[in-house]
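Novice:
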Amino acid sequence: MGEIALITVAGQILMPLALLVWQWRGHCVSRMEWVLKSLVLCAYLGLTAVVGIGLLAPWYVPYGFAVLGATASVSAWRGTGRCPVAQTDPWAARMRRGSWAAVAALCFAVLAWALSGYLPPGGPAVRLASPLKNGEFYVVNGGYSILINPHMKTLERESLRAYRGQSYALDIVKLNRYGFRAQGVWPRDLAGYEIFGEPLYAPCDGEVLFTEYRLPDRVPPEYDRQNPAGNFVYLQCSAAGVVLAHLMQSSVAVAPGDRVREGQRIGRVGNSGYSTEPHLHIHAQRSGGGADFLAADPLPLQVEGRTLVRNSRIDAR
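Here the sequence shown stands for residues 18 to 334, where the numbers follow this note's numbering.
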């Protein structure tokens, strides 16, 4: 978790701040160079807004950076072209422009790759009601590109074929009134996470096919590789299977064979299984049975009619 925190702080906070200062102080440039620098700043801020995760800094920080970026760009524009010609080395200027153009192009290319994950694959999506109520929730991982949803690796890697059903999964946490998902960075006290113990409701009418409820909730950063889903409920919702995982120990309120109605309470969110902190994992897949049911083909899903991706928010108040 220390490495994740370091990468997050460097990539989503320090680097944007450095680029803002770089743009704001860039008065001694031509207008062409101002355009290129503005493109670099815009592309990187857009990239962090789409690919970055609001775990340490709340979800609204990229909007603040966008306002500061616009302010810095306007300030820099007013000072363009003020340097004497003699102070400008033509070769150095060409090198600067070329490097800035290359960085901007790279950032925009990665941004386009990430944004492609906003478009679900062909075929109808499984339409679900929200399994969470009474609060604001935030999608940490979701979408159809590996840049915004690491579950996508199970779609392509043969070594992960047994877990292919979760390729389009969502990981969801709860936010407090200030936009934070926990009391601190990564507290070891599970009660310090807003979503821990949150009631979980059936997102559809269906039948319970499989459950697990006996596994312990892990204290971050511990996790259970042997039981990746942890405690879970597998629902047969029409032609699709829906898995809700990482539930609280002994909280599962249904059993295989039970019929459930949409909105019926079925458990509580916990931190069991292969989970680094409390969150809800939910995915839809083609129906399957047996011990390897997670190997079924994944299905795109919508929650309350919305296609959710990383950084989406769910207002269930």
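The beta carbon of each residue, even a glycine, is placed where N, CA and C say it ideally should be. Everything numeric in this text was worked out from a predicted model, so none of it was measured.
Can you check the stretch 48-83 for any alpha helix (DSSP H) of at least 4 residues that lies completely inside it and give the ranges in chain order?
Specialist: Here the runs fully enclosed are 48-68.
Novice: Taking the alpha carbon of SER268 as the reference point, which residue from VAL52, GLY214, PRO79 has its own alpha carbon closest?
Specialist: Within the sequence shown, numbered from 1, the residue matching residue 268 stands at position 251. Comparing Cα positions, the closest option is GLY214.
Novice: How far does the beta strand (DSSP E) with GLU229 in it extend, from its first residue to its last?
Specialist: Within the sequence shown, numbered from 1, the residue matching residue 229 stands at position 212. Run containing GLU229: 223-229, per the beta strand (DSSP E) assignment.
Novice: Considering only residues of the same chain and omitting the five flanking positions on each side of GLY43, which have a CB-CB separation below 6 angstroms?
Specialist: Within the sequence shown, the letter at position 26 stands for residue 43. These residues qualify, in order along the chain: LYS54, ALA93.
Novice: Under DSSP, the alpha helix (DSSP H) around CYS124 begins and ends at which residues?
Specialist: Taking the sequence shown and counting its residues from 1, one reaches residue 124 at position 107. Taken as a continuous stretch (DSSP letters only), the alpha helix (DSSP H) holding CYS124 covers 107-132.
Novice: Please go through the same chain and pick out, in chain order, the residues whose beta-carbon is closer than 7 angstroms to the beta-carbon of PHE197, but skip the five residues on each side of it.
Specialist: The sequence position of residue 197 within the sequence shown is 180, counting from 1. Excluding sequence neighbours, PHE197 sits near PRO75.
Novice: What does TYR185 pair with, by DSSP beta-bridge criteria?
Specialist: Taking the sequence shown and counting its residues from 1, one reaches residue 185 at position 168. In DSSP, TYR185 forms no bridge with anything.
Novice: May I have the straight-line CA-CA distance separating TRP130 from ALA119, to the nearest angstrom?
Specialist: The residue given as residue 130 occupies position 113 in the sequence shown. The residue given as residue 119 occupies position 102 in the sequence shown. Taking the straight line joining both Cα atoms gives about 17 angstroms.
Novice: Please state the DSSP three-state secondary structure of GLU211.
Specialist: As a first step, residue 211 is located in the sequence shown; it is residue number 194 there, counting from the start. Coil, per DSSP.
Novice: Could you compute how far the alpha carbon of SER176 sits from the alpha carbon of VAL52?
Specialist: The count along the sequence shown starts at 1 and reaches residue 176 at position 159. The count along the sequence shown starts at 1 and reaches residue 52 at position 35. Computed Cα separation, rounded: 46 angstroms.
Novice: Hey, VAL250 and ILE299 are a contact pair by Cβ (cut 8 angstroms); roughly how many whole angstroms apart?
Specialist: The residue given as residue 250 occupies position 233 in the sequence shown. The residue given as residue 299 occupies position 282 in the sequence shown. VAL250 to ILE299, Cβ: 10 angstroms. No contact.
Novice: When you compare each of ILE70, CYS45, PRO204, ALA89 to ARG113 by their alpha carbons, which one comes out closest?
Specialist: Stepping through the sequence shown from its first residue, residue 113 is reached at position 96. When each option's Cα is compared against that of ARG113, the closest is CYS45.
Novice: Just the Cα atoms here: how many angstroms apart are ARG334 and ARG144?
Specialist: On the sequence shown, residue 334 is found 317 positions in, with the first residue counted as 1. On the sequence shown, residue 144 is found 127 positions in, with the first residue counted as 1. Between ARG334 and ARG144, the C-alpha separation is close to 20 angstroms.
Novice: Any beta carbon from chain B within less than 8 angstroms of GLY96's own beta carbon?
Specialist: No chain B appears in the structure shown, which is made up of a single protein chain.
Novice: To the nearest angstrom, how far is the alpha carbon of ALA103 from that of ALA109?
Specialist: As a working note, residue 103 is residue 86 in the sequence shown. As a working note, residue 109 is residue 92 in the sequence shown. Unreliable positioning characterises ALA103 in this predicted model, as indicated by a pLDDT of 47, which lies under 50. The coordinate reading is nonetheless provided below. Looking at the two C-alpha atoms, the distance is approximately 13 angstroms.
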